[in-house]
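Written out below as C-alpha cells is the structure these notes cover.
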Amino acid sequence: MEVELYKSVGYKDRQYIKKLLTNFSVNLVGINRAIQVLLKKPEHIGLNMRLAQKYQDYAAVLNKDAKLAFLKKSNNYFKKAIKFNKATDNSTIDERIELMRLLNKSYLGSSKSVLKKIEKSFKNVEKKYEGLFFYKTLPCSSNKECYT
C-alpha cells in the first residue's frame, strides 16, 4: 500500500479514502515505543527482533495491503538482526529469527512452502523454540489450509 499512497496526485473518491483509512486504522503506540528504544541502540539484536515482532503482531490483525506492508517491515528488521548476529554467531537466535520469518511467510498465505522449509531445515529445534515450531506446523500439517 505504501507504493499506492504516493502513486498519483489528485482527488480520490470517498470510498477509496475510506478503504485506505480502514486498512491502516491501528494504534501504533507499541511500534513507536519500540522504534524510540531502537534508535538509541540501532545495532542491538534483541531490539531489532522486538520491533520486527511488533510489526508482525500488528500485521496479524490488519487487512491485505496494510498486512503486506507491515510484514515487509518485520522482515527488514529480522534481516538486520541476522546481520548483527553474525558477529556473535549465536545459532539459537538465528533459529528463532528463521522461525519468525517463516511465520511472516505463512501470514501471507504460502503455508505449503513454509512446511517444506520446516521439514528440510528444522530437524532438531532448540527446546525453548518448540512452542513456536509446533504453533506453525501442527495447524498446517493436519489440514489442507493453514489457519495461522
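Residue 0 is where the sequence shown starts when you use numbering that gives the first Met the number 0, and the numbers rise one by one after that.
Don't be surprised by glycine CBs; every beta carbon is placed ideally from N, CA and C.
Nearest neighbour of residue i, chosen from the options [CA to CA]
i     : options                       : result
Lys53 : Lys82, Lys71, Thr91           : Lys71
Lys78 : Leu67, Leu114, Glu97          : Glu97
Glu94 : Gly108, Ile117, Ser109, Tyr10 : Ile117
Cβ shell of residue i (< 8 Å), same chain only, five flanking positions each side left out
i     : result
Gln55 : Phe69, Leu70, Ser73, Met99, Leu102, Asn103, Tyr106
Val25 : Tyr57, Val60, Leu61, Ala65
Anticipated Cβ contact below 8 Å, residue i with residue j, distance rounded
i      : j     : result
Ile175 : Asn84 : What the structure shows of the chain is the stretch from 0 to 147, and residue 175 is not part of that stretch, so it cannot be assessed.
Met48  : Ala80 : 5 Å
Leu50  : Ala33 : 4 Å
DSSP three-state assignment for residue i, whether helix, strand or coil
i     : result
Glu42 : coil
Ala86 : coil
Asp64 : helix
Tyr10 : coil
Contacting residues, own chain, Cβ-Cβ under 6 Å from residue i (five flanking each side not counted)
i     : result
Leu67 : none
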